[in-house]
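Q: Numbering (this note's numbering), first residue to last: 1 to 163. My questions all concern the structure below.
In C-alpha cells form, the structure reads like this:
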C-alpha cells in the first residue's frame with residue numbers, strides 16, 4: 001500500500017509541482033514589488049500565503065486520495081476535496097472581511113487576525129492530512145477483491161450469459 005501512496009504522491013508532484021513552484025515564485029516577486037504607501041503592509045499577507053501553500057498542497061493531496069477510495073464519481077471527489085480543505089478557512093477569511101469592512105479595524109488587529117488565521121489554517125490542514133492517512137490505512141488492499149477466484153468465476157459466468 002505504501003508503494004501505491006508514494007507513487008500517487010510522485011504523480012501529483014509531477015503534474016502540479018511546476019505550477020506550485022511558479023505560484024510560489026510569482027507571489028515572492030509580487031511581495032518584493034509592493035512599494036506604494038497604501039500597500040506597505042501587504043507583503044506580510046503574501047508571505048503568509050506562501051507559508052500556507054505547502055500545507056494546503058499536502059492536505060489536498062492526502063484528502064483527495066482518501067476520498068477517492070470511497071468510490072464516488074471523480075467530479076464529486078474533486079469537489080468534496082476542495083470543500084473540505086479550502087472552503088472552511090476561506091469562509092472564515094471572507095466572514096472576517098465582510099464583517100469588518102464597514103467597521104474599520106486597525107492594522108494591528110488585522111495583522112493579529114491574519115496571524116491566527118494562517119496558523120489555524122496550517123493546523124487544520126495538518127489535521128486533515130492525519131485524518132486522511134488514518135482513512136487510507138483502514139482500507140484493505142484494493143486488488144484483493146478483484147483477483148479472488150470467486151470474482152473471476154462470476155465475471156466469466158456473466159460474460160458467457162451476456163454474449
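Ideal placement from N, C-alpha and C gives every residue a C-beta, glycine not left out. The structure displayed is predicted, hence computed values, not measured ones.
Given a threshold of 16 other Cβ atoms within 10 Å of its Cβ, counted over all protein chains shown, does residue 84 qualify as buried or as exposed?
A: Flag for residue 84 reads buried.
Q: Quick one: Cα of residue 45 to Cα of residue 66, how far?
A: Approximately 31 Å between the Cα atoms of the pair.
Q: So residue 136 and residue 60 are in contact, right, with Cβ under 8 Å, and what is the actual spacing, rounded?
A: Residue 136 to residue 60, Cβ: 15 Å. No contact.
Q: Contact between the region 1-19 and the region 86-98: three or more CB pairs below 8 Å?
A: Segments in contact, no.
Q: Report the rounded CA-to-CA distance for residue 108 versus residue 27, giving the unit in angstroms.
A: So the two alpha carbons sit approximately 23 Å from each other.
Q: Return the first residue and the last residue of the alpha helix (DSSP H) that residue 102 is part of.
A: Here residue 102 belongs to no alpha helix (DSSP H), and DSSP marks it neither H nor E.
Q: For residue 69, name the three-state secondary structure that DSSP assigns.
A: Correct three-state label for residue 69: coil.
Q: May I ask you to report which of helix, strand or coil DSSP gives residue 33?
A: Residue state, collapsed to three classes: helix.
Q: Given a threshold of 16 other Cβ atoms within 10 Å of its Cβ, counted over all protein chains shown, does residue 55 qualify as buried or as exposed?
A: The residue in question, residue 55, is buried, as its Cβ has 16 or more Cβ neighbours within 10 Å.
Q: Can you tell me whether residue 129 is buried or exposed, with buried defined as 16 or more other CB within 10 angstroms of its CB?
A: Burial call: buried.
Q: Around the Cβ of residue 30, are there at least 16 other Cβ atoms within 10 angstroms (buried) or fewer (exposed)?
A: So residue 30 ends up on the exposed side.
Q: DSSP state of residue 111, grouped into three classes?
A: Here residue 111 sits in helix by DSSP.
Q: With residue 93 and residue 52 assumed to form a contact (beta carbons below 8 Å), what rounded beta-carbon distance in angstroms separates them?
A: With a Cβ gap of about 11 Å, residue 93 and residue 52 do not count as contacting.
Q: Tell me which same chain residues have a C-beta within less than 6 Å of the C-beta of residue 12, skipping the five on either side of it?
A: Counting only Cβ-Cβ distances below 6 Å, and skipping sequence neighbours, we find 61.
Q: Pull up the distance between the alpha-carbon of residue 47 and that of residue 73, whole angstroms please.
A: C-alpha separation (whole angstroms): 36 Å.
Q: Between which residues of its own chain and residue 132 is the CB-CB distance below 6 Å, once the five residues before and five after are set aside?
A: The residues are 62, 63 and 66.
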